[in-house]
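2 protein chains.
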Amino acid sequence: MRWQTLDRENCSLARTLAVVGDRWTLLVLRDCFLRVRRFEDFEASLKIARRVLAERLALLVEEGILVKRPYQDRPVRYEYRLTEKGLELYPALISLVHWGDKHYAGKSGPPLIHRHRTCGHDFRSALTCSECGEALDARAVEVRPGAAAKPAAPIPANHIRSRTAATP
Amino acid sequence: MRWQTLDRENCSLARTLAVVGDRWTLLVLRDCFLRVRRFEDFEASLKIARRVLAERLALLVEEGILVKRPYQDRPVRYEYRLTEKGLELYPALISLVHWGDKHYAGKSGPPLIHRHRTCGHDFRSALTCSECGEALDARAVEVRPGAAAKPAAPIPANHIRSRTAATP
DNA sequence: CCAAGTAAGTCTTGATTTAAGACTTTGTCA
DNA sequence: TGACAAAGTCTTAAATCAAGACTTACTTGG
Numbered sequence: 002m003r004w005q006t007l008d009r010e011n012c013s014l015a016r017t018l019a020v021v022g023d024r025w026t027l028l029v030l031r032d033c034f035l036r037v038r039r040f041e042d043f044e045a046s047l048k049i050a051r052r053v054l055a056e057r058l059a060l061l062v063e064e065g066i067l068v069k070r071p072y073q074d075r076p077v078r079y080e081y082r083l084t085e086k087g088l089e090l091y092p093a094l095i096s097l098v099h100w101g102d103k104h105y106a107g108k109s110g111p112p113l114i115h116r117h118r119t120c121g122h123d124f125r126s127a128l129t130c131s132e133c134g135e136a137l138d139a140r141a142v143e144v145r146p147g148a149a150a151k152p153a154a155p156i157p158a159n160h161i162r163s164r165t166a167a168t169p
Numbered sequence: 002m003r004w005q006t007l008d009r010e011n012c013s014l015a016r017t018l019a020v021v022g023d024r025w026t027l028l029v030l031r032d033c034f035l036r037v038r039r040f041e042d043f044e045a046s047l048k049i050a051r052r053v054l055a056e057r058l059a060l061l062v063e064e065g066i067l068v069k070r071p072y073q074d075r076p077v078r079y080e081y082r083l084t085e086k087g088l089e090l091y092p093a094l095i096s097l098v099h100w101g102d103k104h105y106a107g108k109s110g111p112p113l114i115h116r117h118r119t120c121g122h123d124f125r126s127a128l129t130c131s132e133c134g135e136a137l138d139a140r141a142v143e144v145r146p147g148a149a150a151k152p153a154a155p156i157p158a159n160h161i162r163s164r165t166a167a168t169p
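Protein chains in written order, with our numbering: chain A, 2 to 169; chain B, 2 to 169.
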């Protein structure tokens with residue numbers, strides 16, 4: 002599978018990964034949430050190759066996850082900030098971080114602690130059902146194909162063949 | 002940065018990504034949550050190169066995210082199943098899926114619909130604070146270094162130099 | 001018995017991607 | 001004028017991946 006074509010897959014995870022699903026991109030986003038904004042700061046923080054960083058930032062901007070805007074003129078210098086769409090990746094990121102905290106932190110505990118400003122407590126993230134508010138886990142979830150899953154009855158003449166296996 | 006060494010980074014996200022943070026691995030896990038269990042089924046569903054699939058499955062087993070066990074003898078055949086640790090990745094996965102649903106679904110809606118068995122409703126995932134139960138977003142969260150963040154006072158003699166930038 | 005089939009891999013080869021670091025551009029400051 | 005800074009771009013060698021042929025061990029049909 003070519004990753005460029007992944008965004009045409011009929012699966013929301015595949016389409017998401019086509020955009021943010023590469024290690025560097027996720028680490029760049031982590032830095033964004035930690036208020037890193039400038040090219041050189043990303044580079045220093047991540048020790049990423051400059052070419053790769055430039056490419057990733059450009060993609061994130063193109064996808065509307067970051068905005069690039071000048072923070073000074075003469076000479077013009079840019080910073081990258083999360084858009085609303087970018088901020089919405091927070092649940093996914095924090096879930097990965099907390100999973101890492103749980104399974105890979107040393108004895109001295111996690112390297113970063115997250116505090117909920119509103120209630121004032123350190124927290125772990127919890128996944129809940131948007132409808133009933135209960136905590137969710139994988140076993141309590143049932144999946145069925147939506148309208149957009151492999152075309153059921155009326156297939157447009159020139160429609161791309163869909164695959165036989167279920168593709169979320 | 003070499004990805005093999007990433008698990009030694011002092012950042013839970015980096016350590017997590019060292020294990021699951023590659024596109025194929027995340028898609029393999031998606032399939033696991035959709036109850037795909039056999040080598041050939043993963044291959045057919047993902048159209049992944051067999052060598053890469055074998056490698057990824059082996060890593061996931063080694064990390065205790067999947068277990069490999071025979072489902073028949075004569076000839077012995079194996080299946081891969083999520084462990085408890087693997088199941089705990091669900092929040093991260095479903096958050097990525099729902100983000101994709103929101104931003105990349107076509108007009109006919111998302112390809113898969115998730116239903117909460119307990120309450121019977123189709124849902125979106127919601128991130129809440131484990132302490133107060135309120136919905137969480139990135140702006141309501143404050144971060145501070147934990148005990149494990151770059152060694153503060155007493156540095157063991159042979160300790161690896163820590164980096165200057167903040168690494169969550 | 002022999003041939004074909006199946007599941008789960010391994011191996012080989014050529015194409016992509018990445019890492020590392022030098023180089024470029026535009027402007028400031030001493 | 002020379003040194004410095006930020007934000008890139010370019011080059012080349014090394015690592016990783018894709019595609020598909022090959023392997024192993026056992027079953028089933030003729």
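Virtual Cβ for every residue (Gly too), placed ideally from N, Cα, C.
Chain B contact for residue i (CB, 8 Å cutoff)
i, result
"A/Thr84", "no"
"A/Val29", "no"
"A/Glu135", "yes"
"A/Arg39", "no"
"A/Cys142", "For the sequence presented, residue 142 of chain A should be read as Val rather than Cys. A/Val142 counts as touching chain B."
"A/Pro71", "no"
"A/Glu132", "yes"
"A/Arg52", "no"
"A/Leu60", "no"
"A/Tyr81", "no"
"A/Ala146", "Before going further, note that residue 146 of chain A is Pro rather than Ala in the sequence given. So yes, A/Pro146 belongs to the interface."
"A/Arg170", "With chain A represented from 2 up to 169, any question about residue 170 of chain A goes unanswered, as that position is not in the structure."
"A/Arg125", "yes"
"A/Arg56", "Rather than Arg, the amino acid found at residue 56 of chain A in this sequence is Glu. So, not an interface residue."
Alpha carbon of residue i to alpha carbon of residue j, nearest angstrom
i, j, result
"B/Leu58", "A/Tyr105", "19 Å"
"B/Leu28", "B/Glu56", "14 Å"
"A/Tyr91", "B/Arg75", "48 Å"
"B/Ala150", "A/Pro112", "4 Å"
"B/Gly110", "A/Glu64", "20 Å"
"A/His122", "B/Gly147", "14 Å"
"B/Lys86", "B/Leu61", "11 Å"
"A/Leu14", "B/Ser96", "9 Å"
"A/Val20", "A/Cys133", "31 Å"
"B/Arg70", "B/Ser131", "35 Å"
"A/His115", "B/Glu135", "15 Å"
"A/Glu41", "A/Leu67", "16 Å"
"A/Asp23", "B/Arg78", "32 Å"
"A/Gly101", "B/Glu89", "11 Å"
"B/Tyr81", "A/Leu18", "23 Å"
"A/Arg31", "B/Val144", "12 Å"
"B/His160", "B/Tyr72", "Because B/His160 carries a pLDDT of 25, less than 50, the predicted location of this residue cannot be relied on, and no value is offered for it."
"A/Lys103", "B/Thr119", "26 Å"
"A/Arg16", "A/Gly107", "34 Å"
"A/Arg140", "B/Val142", "29 Å"
"A/His99", "A/Ser126", "7 Å"
Residue i (DSSP reduced to helix, strand or coil)
i, result
"A/Ser131", "coil"
"B/Asp23", "coil"
"A/Asp138", "coil"
"B/Arg125", "coil"
"A/Arg75", "coil"
"A/Arg31", "helix"
"A/Lys48", "coil"
"B/Val98", "helix"
"A/Arg170", "Chain A is shown only over 2 to 169; residue 170 of chain A falls outside these bounds and no answer can be derived."
"B/Gly87", "helix"
"B/Glu41", "helix"
"B/Ala166", "Note that B/Ala166 scores 28 on pLDDT, short of 50, meaning its location in the model is unreliable; the coordinates nonetheless yield the value given after this. Three-state DSSP puts B/Ala166 in coil, outside helix and strand."
"B/Ala59", "helix"
"B/Ala15", "helix"
Neighbourhood of residue i by C-beta distance below 6 Å, restricted to the same chain and skipping five residues each side
i, result
"A/Leu128", "Leu137"
"A/His117", "Phe124"
"B/Arg39", "Glu80"
Min CB distance residue i to chain A below 8 Å
i, result
"B/Val98", "yes"
"B/Glu63", "no"
"B/Leu67", "no"
"B/Arg78", "no"
"B/Arg75", "no"
"B/Glu44", "no"
7 Å CB neighbourhood of residue i in its chain, flanking five on each side removed
i, result
"B/Val37", "Phe43, Ser46"
"A/Arg51", "Glu44"
"B/Trp25", "Ile49, Val53, Arg57"
In DSSP terms, what residue i is bridged to
i, result
"B/Glu143", "A/Arg116"
"A/Leu92", "Before going further, note that residue 92 of chain A is Pro rather than Leu in the sequence given. A/Pro92 is not bridged to any residue."
"A/Tyr81", "A/Lys69"
"B/Gly107", "B/Gly110"
Other residues of its chain near residue i: CB distance less than 8 Å, five sequence neighbours each side excluded
i, result
"A/Phe34", "Leu83, Tyr91, Leu94"
Heavy atom of the ligand COA within 7 Å of residue i beta-carbon
i, result
"A/Leu61", "This structure lacks the ligand COA; in fact it carries no ligand of any kind."
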